[in-house]
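Right, one structure below, let's go through it.
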DNA sequence: ATAAACTTTCAGTAATTTCTGAAAGTTCAG
DNA sequence: CTGAACTTTCAGAAATTACTGAAAGTTTAT
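Printed below as a string of structure tokens:
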């Protein structure tokens, strides 16, 4: 399956970026290849296209499945498995976000919660705990918010985005319209 | 400078998470150490506390400064440099976000813009371009949004968060109240 | 049950990233 | 200007991570 120059460029780039996005080069390349191809691809085709070993391909596919961004696709009459994206771009992006949250934020949140529970054994510890508390709250806000955005779906996110700096205004608006519902923490 | 168990635990954790957050273990540890200590720390103190070489410490500090999350602090009468966090937790978190955006999203956005500009040389290429376009738009939305949140500041983010699923409702509300300002794309 | 067609696993190797420590560089007091 | 106190740099060593390819495993047709 010879790749068009366009696809090649994109695939190589996603490979380079891969490690920054939480997976390694080959996984990034495999992912891009699958997403940009309309036809389902077999593992062998992928290995050939990227010039990587069959074994490595297998591991990469496994990883992408654990991220839930690709899924198997069975072609009637064919013996081998084929792979396709697990959904729309929006869905894929969400899955990546979600998975990264699990790996990058959740463990920290858990630890911080624990550390904050212990009663401080000194003045110094108390200061530290306060700071940890602040970090905890911030991470929790961010987490809750990214969840929220995911639930909104792409169209509403778009509306919200077009609102731009208007978000602040909307907030004020909301205070006028739905009073008494804030500050219950 | 012996670390309390509380600080030790937190520092070690931030070290382990470091690589997931875009920097390496020692950089993560140094960062946590500086943030959790009220007193400014010297490079030597940091190296001792973490049992790492002085050279490595120097590199770590340099990196953290490039992220703009720590800054130098001069103690009158002292010859050496001390280091302190570059701002509040909120500011630090923003800087990390910002920096990651630069490394993880901006390069891709640039590439995608370029790839989309070329006129498609085949039906197949056109399909690919459309998909790249979709990815581009999504990344741009996310970028714009995270900018927006950063500008809001922590208090408003908090309000917004408490709104939770209410955001969707507010959006609808807004459509009724301020019509004609949407769908201009 | 056998064999062909395919996939996964994993030990060893290759590539990459991080760390050390010695040497070179800087700054400042005397 | 000199040297003490400090910092940075960078070549090589150590640690970590990714990749290969052969062997073991699985599935299905006959």
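Protein chains in written order, with this note's numbering: chain D, 802 to 986; chain Z, 802 to 986. The beta carbon of each residue, even a glycine, is placed where N, CA and C say it ideally should be.
Buried or exposed: where does residue i fall if 16 or more other Cβ atoms within 10 Å of its Cβ makes it buried?
i	result
residue 856/D	exposed
residue 955/Z	buried
residue 834/D	buried
Below 8 Å between beta carbons: does that hold for residue i and residue j?
i	j	result
residue 883/Z	residue 892/Z	no
residue 885/D	residue 832/D	no
residue 813/Z	residue 850/Z	no
residue 760/Z	residue 890/D	Only positions 802 to 986 of chain Z appear in the structure, and residue 760/Z is not among them; the question remains open.
residue 933/Z	residue 917/Z	yes
residue 949/Z	residue 968/D	yes
residue 971/Z	residue 971/D	yes
Is residue i a contact residue of the ligand FAD, with contact defined as CB to any heavy atom under 7 Å?
i	result
residue 913/Z	As presented, the structure is devoid of all ligands, the ligand FAD included, so that no description of it is given.
Could you tell me which of the options sits nearest to residue i, measuring between CA atoms?
i	options	result
residue 853/Z	840/Z, 828/Z and 920/Z	828/Z
residue 868/D	814/D, 907/D, 849/D and 898/D	898/D
residue 937/Z	874/Z, 873/Z and 910/Z	910/Z
residue 904/D	808/Z, 802/Z, 815/Z and 809/Z	815/Z
residue 837/Z	843/Z, 858/Z and 811/Z	811/Z
residue 907/Z	802/D, 822/D and 931/D	822/D
residue 819/Z	848/Z, 861/Z and 953/Z	861/Z
Would you report the Cα separation of residue i and residue j, rounded to the nearest angstrom?
i	j	result
residue 896/Z	residue 845/D	43 Å
residue 986/D	residue 964/Z	Unreliable placement is indicated for residue 986/D, whose pLDDT of 36 sits below 50; the coordinate value is still reported in the next sentence. Whole-angstrom Cα-Cα distance: 12 Å.
residue 921/D	residue 824/Z	30 Å
residue 946/D	residue 962/Z	6 Å
residue 881/D	residue 840/D	14 Å
residue 901/D	residue 894/D	11 Å
residue 859/D	residue 873/Z	48 Å
residue 863/D	residue 926/D	44 Å
residue 879/D	residue 843/D	10 Å
residue 826/D	residue 973/D	46 Å
residue 817/Z	residue 929/Z	39 Å
residue 951/D	residue 959/D	12 Å
residue 957/D	residue 915/D	36 Å
residue 913/Z	residue 953/Z	29 Å
residue 984/D	residue 976/D	Residue confidence is low: residue 984/D scores 44 on pLDDT, short of 50, so the model does not pin down where it sits. Its coordinate-derived value is still stated next. Approximately 11 Å, taken between the alpha carbons.
residue 848/Z	residue 888/Z	23 Å
residue 924/D	residue 931/D	11 Å
residue 865/Z	residue 802/D	45 Å
residue 919/Z	residue 806/D	12 Å
residue 830/D	residue 830/Z	32 Å
Which runs of the alpha helix (DSSP H) spanning at least 4 residues fall entirely within the segment 839 to 875 of chain D, listed in chain order?
844 to 851 and 855 to 867
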